[in-house]
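Input: a single structure, listed below in structure tokens.
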Amino acid sequence: MAKILPSSLSAQSKKELLKDFYDFVSSLNRKEAEEFFHEFLTESEKIILSRRLKITKMLLQGFTQVAIRKKLGVGVSTVQFVRRLVKNKR
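0 is the number of the first residue of the sequence shown in numbering that gives the first Met the number 0; add one for each residue after it.
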């Protein structure tokens, strides 16, 4: 798959692309979503996204960063990245 730098797109283009993506994904049922992500994401992308979601869930459940790192086998920077995202959304 060709790569694109987000900075090469206008803000409006990014907004429209993401809106279309979110609209499409939110319209899928569970089976359709599984098929979509299986076909459109690489194995690595699926794992990265799944780990970020699991880290988010664990942080919201009160797990410590150390416990998350040990349980999921992720690095300090990964947990801190997700923690900042969660903290900024509260």
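Glycine included, every Cβ here is placed at the ideal spot set by N, Cα and C.
Asked                                                              : Found
Straight-line Cα distance separating K14 from K53                  : 26 Å
Under 8 Å between C-beta atoms of F39 and L27                      : no
Beta-carbon gap between Q64 and R82 smaller than 8 Å               : yes
Minimum C-alpha distance to K86 - residue among V75, K70, G74, L58 : L58
Anticipated Cβ contact below 8 Å, I67 with V78, distance rounded   : 5 Å
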